[in-house]
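From first to last, the protein sequence lines are chains A and B. All residue numbers in the first sequence are consecutive under this note's numbering, ending with 913. All residue numbers in the second sequence are consecutive under this note's numbering, ending with 512. See structure below.
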Amino acid sequence: MIFVVMAYLWAAILLYILLGGADFGAGIIELFTSEKNKAYTRNTMYQAIGPIWEANHMWLIIAIVVLFVGFPEIYTTISTHLHIPLVIMLFGIIARGTAFTFRHYDAVKDNMQKVYNRIFVYSSFVTPFFLGVIAGSAVSGRIDPEANNFLDAYVYTWLNWFSVTVGFFTVAICGYLAAIFIIGETDDDNSRVRFIRKAKQMNLAAAVFGALVFWAAHAEGIPLDKWMFDNPVGIIAIIAAVLSLGLLWYVLLKKGKVIIIRVLAGFQVTMILLAITIRHYPNIVILKGGRYLSLLEHAGQEKTIHSLAMALLLGSLLILPALFYLLYSFRKNDAVEH
Amino acid sequence: MNDFLAARSQMALSLGFHIVFSCIGMVMPFFMAVAHFLYIRTGNDIYKNITRAWSKGVAIFFATGAVSGTVLSFELGLLWPEFMRHAGPIFGMPFSLEGTAFFIEAIALGFFLYGWGRFNQWFHWITGVVVGISGLVSGILVVAANAWMNSPAGFDFVNGQYLNIDPIKAMFNDAWFSQSLHMCIAAFAATGFAVAGIHALMILRKRNIAFHTTAFRIPALFACIAAVLQPLSGDISAKDVARRQPAKLAAMEAHFKTEPASPLVIGGIPDPVAKEVKYGVEIPGLLSFMVYSDFHTPVKGLDQIPENDQPPIAITHYAFQIMVGLGMIMLGIAVCYFVAVIKKKSWLRMPWLLRLFVIATPMGFIAVEAGWTVTEVGRQPWIINGVMRTAEAVTPMPGIAYSFYIFTAVYISLSLIVTFLLYRQIRMVPEIYDVKTPAL
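Pasting the structure below:
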């Protein structure tokens, strides 16, 4: 049963990156769009994510509940030593969720819209940035449960080049996913060209920040290259990601089906997550001095894991069909592909 | 402000904020479902416009409730890591199920809010009902988790170790039913009176009278039924608390001395040093009767509870008095309303009845906050009753006071913005929801 729970945790994280990430990306794209095109981009994005955005963010809740029920040691270590970035991320979540809803549901459309928009785009940047910082910190080996001064215990755990570059990389990935997604949501040729250009820029940003992550890891003494490339699964995953990226741009420029480029983009992110996580399996947090918090060794008692697995299985029987039907019902309503 | 106090204040603030939004998020969908049903059956556009107007409110409240709930799921670990390290695996079952219920609610809400004219109308209606039901289920589950803190079950506590964990037994602890029942009815009463009060105010101001009168009836009916039922569920809760948490009951009642024919103290100022209540009204034997159904059996007083196991008496007592007092006023209004509906139809057109509802607008939510104060403060100094003290659970991170100040600022601004949005929704009723020739 522990493996069922682990699979759900991994899937929830992946789906949060894909769906929640594209959702954050909507705000990031808006942030980097010129003033004259902002309104169009905003409306296109809103049409696409309005009905589904609440559901996109539920994956974070699932992941966090799995952690605190099944792996309390891991949950409490992270929440103690990464308290500060977690709180900032939470403010980001509050600001973004409310600004997104308020700007749509404010009965009067006046200057307040500008306030909502501004809050929405900046929090769309800040939230995934700190999510990335937290993820990077979890494997950075900086968390020291024995640290006895404030800076070592609560600040340098996350304030280091590695965590920060992972944060920027996460933002770029979110922007990339959103740009790829939005290409299929417009009928206007000019806008399509504009969105493709946005996707290219985000793709480039992801590549640059990806390289910076490796540089930072090297500078901080984190053997990231070894983790990624000293095992066959990691190598295959990275090669698959690179090949699928080539394929994606080929299909995109040949004006192929929207669904194919979306699946390819999702595939790349899945491969990246796989390459990062497989090497450390079953460890999820790397502490100072090379100690680990493991999903196998630091799991709750058997009965807890069993009932958690049952709850997840039961939950997915209800959630997945409903979610697919939601996504299906609100897909773009045009029969003609580009 | 020390870190422990700051952590408790931040938790209280976050829960106190979230509870308002979650109550509205779980009850409003039922009001909408009734209005929506009446629209589908009668074809009367007024019902459709009411449903749409309310659904805007629900979207605003749901989003705010969802983010503040997300924050809480992290705050448990951010503020109380030692508690979560041990409690997470035991009382996590309702949270894992709640994850599903909340997810379903978010999906159903997507269908409902964006589904106008897209789906078969009964399918659309059902998605609205699903929002309400899954919200209610979420509420029951979360309260069941809180009930476990009051009434820990499903593990053996041996030499500081938590052994033989049984999450199902933990979920169905002794307090889950009475607490969930009390909370659900409270949510209906609080939301009902709040919504009815706003519509009543608009009728008194002679704005869109037909629209607001129709809209008033639905929440008013729910609120009044809940207000009548609530004292009964309160009685179940009080008897339950007396059995499981005598210290909490004693603090609620400011009951210092264990004696036969224990009196019920109404109002008054508890003096924990002199161990007496000043200026309160004592009714001899009534507390004994309420707890044990006879006038003589002594009820355990604070004198039989070690001082370092006692909750803050004054806060618990005041909060309890406020809750019960407001409950009684709402019961009175409910009785007037039922008399008006059943016997004296003419009362329905009288401004004083509407005025009563206007006055009652905030009462339910004040009572909800007071009730939560009783539950949480009354459990102190324990975070897991009789097992772990709150002070043992707090995060080792210093500087929580700053976090508390920022959270306070954020929640105050959010409350102001939500109030502002609500005000704008109401102000726009004539232009959006109640135009003379409603567009279809």
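C-beta: ideal position from N, C-alpha, C; glycine also.
Contact set between residue i and chain A, taken where Cβ atoms lie within less than 7 Å
i        : result
B/Gly514 : Residue coverage of chain B in this structure runs from 73 to 512, which leaves residue 514 of chain B outside it and unanswerable.
B/Ala138 : Glu629 and Gly672
B/Val502 : It is Pro, not Val, that sits at residue 502 of chain B in the sequence shown. Residues of chain A passing the Cβ test: none, with the nearest at roughly 11 Å.
B/Tyr186 : Gly625, Pro626 and Phe905
B/Gln193 : Those within 7 Å of B/Gln193 in chain A number zero; the least Cβ separation is about 15 Å.
B/Asp238 : Lys878
Cutoff 8 Å: residue i Cβ touching any chain B Cβ
i        : result
A/Lys878 : yes
A/Ala910 : In this prediction, A/Ala910 scores a pLDDT of 37, lower than 50, which makes its location untrustworthy; the coordinate-derived value is nonetheless stated afterwards. No, A/Ala910 lies away from the interface with chain B (no Cβ there is under 8 Å from its Cβ).
A/Leu883 : yes
A/Tyr729 : yes
A/His913 : For A/His913, the pLDDT reaches just 32, beneath the cut-off of 50, and the residue's location in the model is therefore unreliable, although a value from the coordinates is still provided. No, no contact with chain B.
A/Gly890 : yes
A/Val701 : no
A/Ala650 : Residue identity differs from the one stated: residue 650 of chain A is Tyr in this sequence, not Ala. Yes, A/Tyr650 counts as interfacial toward chain B.
A/Ala753 : no
A/Val579 : no
A/Thr915 : Because chain A here runs from 576 to 913, residue 915 of chain A falls outside it and cannot be looked at.
A/Ile694 : no
A/Gly596 : no
A/Thr676 : yes
Opposing strand residues paired with residue i [DSSP bridges]
i        : result
B/Pro153 : Beta-bridge pairing links B/Pro153 to no other residue.
B/Ile456 : B/Met460
A/Leu787 : A/Leu787 pairs with nothing; no bridge assigned.
A/Asn858 : A/Ser869
B/Glu348 : B/Asp343
A/Ile718 : A/Leu862
A/Tyr900 : Per DSSP, none; premise fails for A/Tyr900.
B/Glu354 : B/Val337
B/Gln233 : B/Val230
Cβ shell of residue i (< 7 Å), same chain only, five flanking positions each side left out
i        : result
A/His658 : Tyr729
B/Val209 : Ala173
B/Val459 : Pro224 and Phe229
B/Leu512 : Caution applies to B/Leu512, whose pLDDT of 39 falls short of 50 and renders its modelled position unreliable; the value that the coordinates give is listed next. There are no such residues.
Amino acids of chain A, ordered along the chain, whose beta-carbon sits closer than 8 Å to that of residue i
i        : result
B/Lys128 : Tyr680 and Ala682
B/Val143 : Leu665, Ile668 and Ile669
B/Phe174 : Met633 and Ile636
B/Ile489 : Thr673 and Phe677
Cβ neighbours of residue i in the same chain (closer than 6 Å, five flanking residues each side left out)
i        : result
B/Ala314 : Leu321 and Val363
A/Gly875 : Gly645
B/Pro166 : Leu213, Ala216, Ala217 and Met243
A/Phe756 : Ala597
B/Glu177 : Val203, Ser206 and Gly207
CB contact below 8 Å: residue i versus chain A
i        : result
B/Ser360 : no
B/Gln497 : yes
B/Val482 : yes
B/Ala261 : no
B/Arg80  : no
B/Thr123 : no
B/Asp228 : no
B/Leu486 : yes
B/Ile132 : yes
B/Leu85  : no
B/Leu493 : yes
Own chain, CB closer than 8 Å to residue i, minus 5 neighbours either side, in chain order
i        : result
B/Ser252 : Gly211, Ile212, Val215, Ala216 and Ala219
A/Tyr650 : Ile639, Leu642 and Phe643
A/Leu888 : Val579
B/Asp343 : Val349 and Lys350
7 Å Cβ cut-off: residues of chain B touching residue i
i        : result
A/Glu654 : Correcting the residue type first, residue 654 of chain A is Ser in the shown sequence and not Glu. What A/Ser654 touches in chain B: Phe146, Gly149, Leu150 and Pro153.
A/Pro647 : Met156, Arg157, Gly160 and Pro161
A/Leu661 : Phe146 and Leu150
A/Ile639 : Ser145 and Phe146
Within chain A, the residues that residue i reaches when beta carbons sit closer than 9 Å
i        : result
B/Phe76  : Here the premise fails: no neighbours, minimum Cβ distance about 15 Å.
B/Leu169 : Ala886, Leu889 and Gly890
B/Leu276 : Per Cβ cutoff of 9 Å: no residues; B/Leu276 is ~22 Å from chain A at best.
Contact list for residue i against chain B, beta-carbon separation under 8 Å
i        : result
A/Ala897 : Ile176, Ile179 and Ala180
Per-residue contacts from residue i into chain B (C-beta, under 9 Å)
i        : result
A/Ile603 : Within chain B, no residue comes near A/Ile603; the closest Cβ sits about 19 Å away, beyond 9 Å.
Open item on the list: I'd like to know if the stretch 488–498 of chain B and the stretch 677–684 of chain A are in contact, where contact means that at least 3 CB-CB pairs between them fall below 8 Å.
Closed with: yes
- [ ] Taking 8 Å as the threshold, find out whether the stretch 811–831 of chain A comes into contact with the stretch 839–855 of chain A through three or more Cβ pairs.
- [x] yes
Open item on the list: Any contact between the stretch 179–186 of chain B and the stretch 195–214 of chain B? By contact I mean 3 or more CB pairs, one from each, below 8 Å.
Closed with: yes
Open item on the list: Taking 8 Å as the cut-off, does the stretch 713–722 of chain A touch the stretch 848–864 of chain A (at least 3 CB pairs, one atom from each stretch)?
Closed with: yes
TODO: Flag this pair as touching only if the stretch 265–284 of chain B and the stretch 423–431 of chain B have three or more C-beta atom pairs under 8 Å; answer yes or no.
DONE: yes
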